[in-house]
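Each remark here refers to the structure printed beneath this line.
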Amino acid sequence: MIFKKCKKPETMATKLHILPPSANSHGALATLRELGIENIEIVNAYAKTRSPEFLAMNPCHTCPTLEFGDGVAIWESCAIMRYLCR
-18 MIFKKCKKPE
-8 TMATKLHILP
2 PSANSHGALA
12 TLRELGIENI
22 EIVNAYAKTR
32 SPEFLAMNPC
42 HTCPTLEFGD
52 GVAIWESCAI
62 MRYLCR
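At the far end of the sequence shown sits residue 67, using the working numbering, and the numbering has no gaps.
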């Protein structure tokens, strides 16, 4: 997992790539809803996780993936939830 200093989601275009049937994706979505965060775009990554663009962002091709506008991404559900809660 890559975790660099990231800007807060409010200051840049941030996307949460999910797979709808994934329990890990549900955890990240529930965290967004519970915290009332509405400025993060939700992207259905079904059949896209092996594309060159997705692999460049997340070489583990897993979901959920939180992508920041500067190209940095977090792709572990627990790390995403901790980031959102801080």
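Each residue gets a CB set at the ideal place from its N, CA and C atoms; glycine is no exception.
With burial defined as no fewer than 16 other Cβ atoms inside 10 Å of the residue's Cβ, what is the status of S32: buried or exposed? exposed
Spatially closest choice to A26 from S6, F49, I18 and G50, by CA coordinates: S6
Collapsed DSSP secondary structure at A4 in the structure displayed: helix
Reduced DSSP secondary structure (H/G/I, E/B, other) of E22: strand
How would you label A54, buried or exposed, when you count the other beta carbons within 10 angstroms and need 16 or more for buried? buried
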